[in-house]
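What follows is one structure encoded as structure tokens, with my remarks underneath.
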Amino acid sequence: MDWVSLPLALVLAAQAPAQPGRAGQMPTLPLTQLDTRAAAADLDNRTFTLTFAQPVAIKDLLILLVRGTSLSVIPDPSIAGSFIGELKNVTVGQALTFILQPLGLDFAVDGGFIRVFRREPETRLFDVNYVAATRSGDTSVGGDPGKSGASARVVTTSGGDVFGDMTKGIQTLLSERATFNVDRKAGLVQVTDFPERLDRVARYLDAISDRAQRQVQVDARIVEVELADERATSLDWSALDRPTDLDKVMAALAAQGKVSVLANPRLIVLNNEPAIVRGDGVTISVTPQISPDAVVTLSLAPLVTPPNAPTMIEADTIARVADGHTIVIGGFGRNLETREHKNTGTSGGWFGRSTVVTRKHVELLLLLTPRVL
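Residue 470 in this note's numbering sits at position 155 of the sequence shown, and the numbers go up by one each step.
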């Protein structure tokens with residue numbers, strides 16, 4: 316009789332001891348005794364606990380891991396090393412991952428066979444679409460510290476080298492066996508390392524792309540307000556504290572005097588990149604930074620040259636603005652004096668005329684509205 320070809324149920328029945336009963340009658344086996352290993356064929360459907368107080372060879376450990384399952388393990392002949400420790404409530408798949416990776420090993424599953432082999436580095440190419448240029452901005456605001464007397468000075472420097480920063484970041488993610496190259500001109504990063512390290516690089520480059528390529532549209536409005544109240548020496552800023560919408564800001568300004576729009580430039584700026592806004596007598600250096608919640612932090616350095624003024628007015632500030640809200644930058648006021656000649660009698664000529672002097676305060680304001688694209 317060919318025992319190998321018999322169904323398992325018949326083999327178990329043939330090997331079972333005879334039980335009392337009618338002559339020649341085989342006992343009936345419960346159905347639950349038919350090949351109990353079938354339910355353990357998956358890597359992750361059963362958990363176990365193993366403790367090794369003494370080092371055990373990896374090849375022997377692999378056999379222990381699949382014992383009692385329908386899985387077969389085939390280790391590479393060159394595999395060596397040992398394991399010591401405790402595995403608590405882990406599946407076969409988890410145990411293989413925890414044990415093999417620190418030893419530079421990996422496994423692959425083909426049906427019921429587990430092949431264990433030495434891990435080899437792979438090469439992967441990543442596209443990085445950035446301009447191969449380094450941009451920087453430098454703004455100095457304040458008095459000259461070399462002169463006598465009190466002085467204050469703020470120097471703002473901003474710039475970015477995406478490829479240089481990317482190279483440093485990738486280095487921290489790679490193993491000792493890794494090699495990589497950053498091609499600025501082609502916009503490619505070539506990395507050779509183990510698969511899980513390559514996955515880390517992929518996530519890192521995706522995060523850079525998501526942040527570095529975000530853009531902000533900055534609507535800049537340079538306005539001049541001639542205050543209606545001749546006695547006023549400045550704007551009523553309490554009326555401007557509440558509105559954040561550009562139309563409401565303009566309405567609040569119009570309620571205080573005559574508003575003239577001198578310039579209304581618009582520019583689109585990459586995240587963390589410096590840009591320049593220029594208007595009539597006004598230059599603004601602006602660098603935006605976009606937070607995950609779409610709040611924009613603006614580094615601003617306006618330089619204003621009022622009409623007929625001997626010196627330039629400078630400022631340097633950092634402000635946080637919600638997406639679509641308007642920030643108002645002031646403090647660039649001047650007094651305006653006008654002279655009007657009027658007739659006071661009927662004699663004609665200069666003898667019947669008088670000069671009326673009108674003094675008003677004029678404020679120059681910068682209104683910036685960032686919108687995250």
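Where is the CB? At the ideal position from N, CA and C, for every residue including glycine.
Taking the Cα of Asp-631 as reference, the smallest distance to any Cα among Val-610, Ser-614, Met-481, Ser-606 is reached at Ser-614. Only residues of its own chain outside the window of five on either side were considered, and among them Ala-535, Arg-536, Ile-537, Gly-594, Asp-595, Val-597 have a CB closer than 8 Å to the CB of Ala-578, listed in chain order. Scanning its chain for C-beta atoms nearer than 7 Å, with the 5 sequence neighbours on each side dropped, one finds around Ser-397 the residues Pro-370, Val-371, Ala-372, Ile-373, in chain order. Proximity to Thr-670 across Leu-683, Arg-654, Phe-367, Ala-423 peaks at Arg-654, based on C-alpha coordinates. Membership of Ile-485 in the alpha helix (DSSP H) is indicated by the continuous run 477-486. Taken through DSSP and simplified to helix, strand or coil, Glu-545 comes out as coil.
With distances taken between CA atoms, Asp-498 lies nearest to Asn-444 out of Asn-444, Ser-524, Glu-545. In the same chain as Leu-418, and ignoring 5 residues on each side of it, the C-beta atoms closer than 6 Å to its own belong to Gly-396, in chain order. Distance from the CA of Ser-387 to the CA of Arg-433, rounded to the nearest whole angstrom, comes to 18 Å. Rounded to the nearest whole angstrom, the C-alpha separation of Asp-421 and Leu-415 is 6 Å. Counting C-beta atoms within 10 angstroms of its own C-beta, Ile-642 has 16 or more neighbours from the protein chains shown and is therefore classed as buried. According to the DSSP assignment, Gln-409 belongs to the alpha helix (DSSP H) that extends over 407-415. Pairwise C-beta distances place the stretch 540-550 in contact with the stretch 673-682, as three or more of them are shorter than 8 Å.
Unbroken beta strand (DSSP E) runs of no fewer than 3 residues, entirely contained in the stretch 564-593, are found at 572-578, 581-585, following chain order. Arg-512 sits buried, since 16 or more C-beta atoms from the chains shown fall within 10 Å of its C-beta. Ranked by Cα distance from Gly-400, the first of Arg-515, Thr-406, Ala-410 is Ala-410. CA-to-CA, the gap between Arg-430 and Ile-378 works out to about 12 Å. When the five nearest sequence neighbours on each side are left out, the beta carbons in the same chain lying within less than 6 Å of the beta carbon of Val-477 are those of Tyr-445, Ala-527, in order along the chain. The beta carbon of Phe-647 sits closer than 6 Å to the beta carbons of Val-619, Ile-628, Leu-679 from its chain, once the five residues preceding and following it are set aside; these are given in chain order. A direct Cα-to-Cα measurement between Arg-557 and Ala-637 gives close to 14 Å. The criterion of a C-beta distance shorter than 8 Å is not satisfied by Val-611 and Gln-530. Just so you know, the alpha carbons of Arg-382 and Lys-403 end up roughly 16 Å apart.
Distance check between Phe-413 and each of Phe-428, Leu-376, Asp-425 places Leu-376 closest, using alpha-carbon atoms only. Under DSSP, Glu-539 shares a beta bridge with Ser-575, Leu-679. Leu-520 sits away from Asp-508, with the two beta carbons spaced by 8 Å or more. Using a Cβ distance threshold of 8 Å, Pro-617 and Ile-599 count as a contacting pair.
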